[in-house]
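J.: According to the working numbering, the sequence shown is numbered sequentially starting from 505.
Built from N, CA and C at the ideal position, the CB exists for glycine as well.
Only a predicted model underlies this, so the values are computations on that prediction, with no experimental measurement involved.
This structure is in structure tokens; I'll ask about it shortly.
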Amino acid sequence: MAARPSTRRRRRQPGRPSGEAGAPGREALLEAASRLFARHGVSGVSLRRVAEEAGVTPAMVHYYFGSKEGLYEALLERTFGRVLERVRAVLEQGGGLAELLEVLIGTFGAEPWIPTLVIREVLSEGGRFRERFVRGYAAGMAELLPGLVRREIEAGRFRSDLDPQLAFASLLGMTVMPFVTRPVMGPLLGFEYDEAFLRRFAEHTQRLFVEGARS
505 MAARPSTRRR RRQPGRPSGE AGAPGREALL EAASRLFARH GVSGVSLRRV AEEAGVTPAM
565 VHYYFGSKEG LYEALLERTF GRVLERVRAV LEQGGGLAEL LEVLIGTFGA EPWIPTLVIR
625 EVLSEGGRFR ERFVRGYAAG MAELLPGLVR REIEAGRFRS DLDPQLAFAS LLGMTVMPFV
685 TRPVMGPLLG FEYDEAFLRR FAEHTQRLFV EGARS
């Protein structure tokens, strides 16, 4: 007599929720979170809302990130972790200001949510991610970028009386502020923030900074 097929339901092993995409689902969640967090703040957005925006189930958020803080951490790492790695690579390979500006301006141009989110969650009084941002990313930039200025001074290309840390602060202001003020500056001055504009802006900033710093 043939054995009857078992009617017991097989328990699914723990893992990614069935029927969902793998890495594309993770990227979709990060993209959705970047838009929503910038618009409403981290505390103003639920994980369910992020999942809806990304077109996946809420279970996917928990699978990939565990919590809202985990999602925000991954968002910071994806953006600022990569920037820090690219800046290190530029310096290790002997790159100069042109390559550095390409990294910074290219990142801000490709990720327009960054300035809004940083202002809301890091720079504002009581910003919940200030300490983590400073410790994890800003401290690394503040250590690396003045080193580039110092190297140019030692090579005789920049003035000897230039303060590397103040020069870094000035350069950061020149590269970041046009993106922080984008909602006003764009319509006011007709900036499109497309690839051609970003390239022209990087070249302009380099000329402006180098002319003032040149020995």
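Does any residue of chain D bring its CB to less than 7 Å from the CB of Arg654?
T.: Absent from the structure is chain D; it holds one protein chain and no more.
J.: Would you decide whether Gln710 is buried or exposed? Buried here means 16 or more other CB atoms lie within 10 Å of its CB.
T.: Numbered from 1 along the sequence shown, position 206 holds the residue referred to as residue 710. So Gln710 counts as buried.
J.: Give the list of continuous alpha helix (DSSP H) stretches no shorter than 4 residues that lie fully inside the segment 577-602.
T.: As far as the segment 577-602 is concerned, its whole alpha helix (DSSP H) runs of at least 4 residues are 586-596.
J.: Alpha carbon to alpha carbon, how far is Glu557 from Ser550?
T.: Working through the sequence shown from its first residue, we reach residue 557 at position 53. Working through the sequence shown from its first residue, we reach residue 550 at position 46. Using only the alpha carbons, I get a separation of about 11 Å.
J.: Kindly confirm or deny that the segment 612-627 and the segment 665-683 touch, where touching means at least three C-beta pairs closer than 8 Å.
T.: Enough Cβ pairs lie closer than 8 Å, so yes.
J.: Any idea if Val638 is buried or exposed, counting beta-carbon neighbours within 10 angstroms, 16 or more meaning buried?
T.: Counting from one through the sequence shown, the residue named residue 638 turns up at place 134. Exposed, since its Cβ has fewer than 16 Cβ neighbours within 10 Å.
J.: Can you grab the Cα-Cα spacing for the pair Gly600 / Leu649, in whole Å?
T.: For the purposes of this step, residue 600 is identified with residue 96 of the sequence shown, where counting begins at 1. For the purposes of this step, residue 649 is identified with residue 145 of the sequence shown, where counting begins at 1. Answer to the nearest angstrom: the Cα atoms are 11 Å apart.
J.: Give me, in chain order, the residues of the same chain whose beta-carbon lies closer than 6 Å to that of Leu621; leave out the 5 immediate sequence neighbours on both sides.
T.: Mapped onto the sequence shown, residue 621 falls at position 117. Taken in chain order, the residues that qualify are Phe541 and Ala542.
J.: Please tell me whether Leu666 and Ile657 are closer than 7 Å, where the distance is taken between their beta carbons.
T.: Within the sequence shown, numbered from 1, the residue matching residue 666 stands at position 162. Within the sequence shown, numbered from 1, the residue matching residue 657 stands at position 153. Contact: yes.
J.: Please report how far the alpha carbon of Leu604 lies from the alpha carbon of Val688, in whole angstroms.
T.: Position 100 of the sequence shown, counted from the start, is the residue given in the question as residue 604. Position 184 of the sequence shown, counted from the start, is the residue given in the question as residue 688. If I take the Cα positions, the gap works out to 26 Å.
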